[in-house]
Amino acid sequence: MRTKIAVVLMAAFGGALALVAQEPKPLSYAAAVEPVFISECGDCHGAEKPKKGLDLSKGRGFDHIVGKASNEVPEMLLVKPGDPDASYLWQKLQHTAKEGRGMPRTIFSSKMLPAAELDVVKKWITDGAKP
Numbered sequence: 000m001r002t003k004i005a006v007v008l009m010a011a012f013g014g015a016l017a018l019v020a021q022e023p024k025p026l027s028y029a030a031a032v033e034p035v036f037i038s039e040c041g042d043c044h045g046a047e048k049p050k051k052g053l054d055l056s057k058g059r060g061f062d063h064i065v066g067k068a069s070n071e072v073p074e075m076l077l078v079k080p081g082d083p084d085a086s087y088l089w090q091k092l093q094h095t096a097k098e099g100r101g102m103p104r105t106i107f108s109s110k111m112l113p114a115a116e117l118d119v120v121k122k123w124i125t126d127g128a129k130p
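Position 82, counted from 1, in the sequence shown is what numbering that gives the first Met the number 0 calls 81; the numbers after and before it change by one each time, with no gaps.
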């Protein structure tokens, strides 16, 4: 009888441990988001004179967007950790911002980022916008 109870307990705890081990870790800016921003936004928001003072170059973007007020809508944060819908940057990427144009820009208009890249940015914000 003891063996049967021990097996049941081990199975129960083993299953719980397996679930804990499978929990996804929050995305980090440096590993997941920064490469997207450098690739897709770096031409305008990098280099020596980043547009609107928003420098998204390597090692600089996180400090310029998380918890910082938007220039176009100062009552909104560019990135409000945990809340993509209240993050001005997310609205710009979704092309739903009431001020300014959608991002990223092209020579003639705006373009949408690929869905996979948008998913990464949204998950990162939702997960708390960690460095």
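Glycine included, every Cβ here is placed at the ideal spot set by N, Cα and C.
As the structure is a computational prediction, the values presented were derived from the model and not from experiment.
Taking the DSSP output, what are the residues bridged to alanine 68?
Per DSSP, Leu76.
Please classify serine 27: does DSSP put it in a helix, a strand, or coil?
In this structure, serine 27 counts as strand in the three-state DSSP scheme.
Considering only C-alpha positions, which residue in the set Trp123, Met111, Ser86 and Asp126 is nearest to cysteine 40?
Among Trp123, Met111, Ser86 and Asp126, the Cα nearest to that of cysteine 40 is on Met111.
Between the segment 53-66 and the segment 91-101, can you find at least three pairs of beta-carbon atoms closer than 8 Å?
Touching, no, given that fewer than three Cβ pairs across the two stretches are closer than 8 Å.
Can you tell me whether glycine 45 is buried or exposed, with buried defined as 16 or more other CB within 10 angstroms of its CB?
Answer is buried; the Cβ neighbour count reaches 16.
Which class does serine 38 belong to by DSSP, given the choice of helix, strand or coil?
Note: serine 38 maps to helix in three-state DSSP.
To the nearest angstrom, how far is the alpha carbon of proline 103 from that of glycine 81?
So the two alpha carbons sit approximately 22 Å from each other.
Between the Cα of leucine 88 and the Cα atoms of Phe107, Leu26, Leu53 and Pro23, which residue gives the shortest distance?
Leucine 88 has its Cα closest to that of Leu53, out of Phe107, Leu26, Leu53 and Pro23.
Look at the Cβ atom of proline 25, then the Cβ atom of glycine 127, and state whether they are nearer than 7 Å.
Their beta carbons are under 7 Å apart, which means proline 25 touches glycine 127 by this criterion.
So which of Val120, Pro73 and Ile124 has the shortest CA-CA distance to glycine 99?
Taking only the C-alpha atoms, the option nearest glycine 99 is Pro73.
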